Amino acid sequence: MSRLTPRSESPALLRLTDRDEEVLVTLATKVRLMTLDQIVRTWWGRTPASTATRTASRRLLRLVSSGHLATMRRPARSELRLTAPLAVWKPGRPKPAFASLAQVGRSRLRGPVRSTRIYLASPGTARRICGVTTRPPRLGEVTHDLHVATVFLYFRLHRAPEAARWRAEWMPDPARLAGKRRTPTATPDALIERARHPTAIEFVGHYTPDKLLRLHEHCAARHTTYELW
1 MSRLTPRSES PALLRLTDRD EEVLVTLATK VRLMTLDQIV RTWWGRTPAS
51 TATRTASRRL LRLVSSGHLA TMRRPARSEL RLTAPLAVWK PGRPKPAFAS
101 LAQVGRSRLR GPVRSTRIYL ASPGTARRIC GVTTRPPRLG EVTHDLHVAT
151 VFLYFRLHRA PEAARWRAEW MPDPARLAGK RRTPTATPDA LIERARHPTA
201 IEFVGHYTPD KLLRLHEHCA ARHTTYELW
């Protein structure tokens with residue numbers, strides 16, 4: 001694992017822009033990680049293409065050196081272009097074809113694994129913004145987590161009201177706080193909070209049909225609609 005190691009800078013000395021804050025809030029409360037490409041196209045999209053990556057990298061380096069962000073290289077497969085869910089289930093409807101969905105999830109993630117730079121909220125940033133810290137991704141989780149970010153960024157661009165209500169899996173769960181038991185292995189990647197029942201969001205990676213069935217049972221028991229991406 002390699003890290004950027006710039007000269008440290010006090011967080012108090014770096015004036016955060018609105019763009020900085022949005023990147024930090026996204027990484028603290030919405031997704032576990034983002035790649036440089038994801039950040040550039042989302043927050044530096046109006047910068048000339050010839051300089052956008054360099055400009056963004058310099059700013060992110062400042063955010064790392066000041067302790068707002070953490071960065072590392074981890075193995076990951078190339079990002080897929082996701083524009084619609086593979087399946088949507090609502091209470092009362094038949095179960096999706098989990099065997100077929102699992103096959104799609106496995107077959108589309110066959111590209112080469114490459115060393116990929118990722119950015120995460122630092123523990124200090126996470127505590128400041130939401131009071132909850134989350135662990136760095138394990139080696140086998142990076143491809144999955146960067147695609148959860150892909151889905152969120154799609155929501156941000158095309159389904160903004162729902163993106164605003166997106167709650168990541170590590171954020172405090174009202175059901176758990178109320179004393180209801182939560183099944184960790186079935187917890188979806190995110191929930192879109194609604195007045196009555198939320199909508200669960202899950203990116204389908206190298207999943208078995210049984211794993212998808214457990215997620216279905218978790219959501220069905222809570223009368224929760226879900227989208228499989």
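Going left to right, the sequence shown walks through residues 1 to 229 as our numbering numbers them. No residue lacks a Cβ here, since even glycine has one placed at the ideal position from N, Cα and C. These figures come from a predicted structure and were not determined experimentally.
Cα-Cα, which of the options is closest to residue i?
i, options, result
"L82", "G105, L69, W89 and S66", "G105"
"V25", "A168, Y154, R46 and R54", "A168"
"L33", "P188, L120 and S100", "L120"
"P112", "R77, L146 and V23", "R77"
"L80", "D20, L146, P96 and P172", "L146"
"V31", "D189, E21, R15 and R159", "D189"
"P198", "L69, Y207, R58 and W89", "W89"
Could you compute how far the alpha carbon of residue i sits from the alpha carbon of residue j?
i, j, result
"T133", "K211", "26 Å"
"L228", "E202", "5 Å"
"R126", "A49", "The sequence given here has Ala at residue 126, not Arg. Looking at the two C-alpha atoms, the distance is approximately 31 Å."
"E162", "A102", "26 Å"
"A195", "H216", "21 Å"
"F155", "P137", "22 Å"
"R41", "T35", "10 Å"
"V142", "W170", "16 Å"
"V204", "D37", "21 Å"
"S65", "R159", "33 Å"
"R214", "A220", "10 Å"
"T17", "R135", "26 Å"
Less than 8 Å between the beta carbons of residue i and residue j, yes or no?
i, j, result
"G67", "S122", "yes"
"P209", "A87", "no"
"A200", "C130", "no"
"T225", "P91", "yes"
"R165", "E193", "yes"
"R74", "L139", "yes"
"T47", "R117", "no"
"A186", "H218", "yes"
"L61", "I39", "no"
"W43", "V23", "yes"
At what residues does the beta strand (DSSP E) containing residue i begin and finish?
i, result
"S122", "Taken as a continuous stretch (DSSP letters only), S122 belongs to no beta strand (DSSP E), as it is neither H nor E."
Name the two residues that bound the continuous alpha helix (DSSP H) containing residue i.
i, result
"R59", "A49 to S65"
"P75", "First-last for P75: L69 to R77, but that is the beta strand (DSSP E), not the alpha helix (DSSP H)."
With contact counted as at least three CB pairs below 8 Å, one residue from each stretch, are the region 51 to 67 and the region 149 to 158 in contact?
-> no
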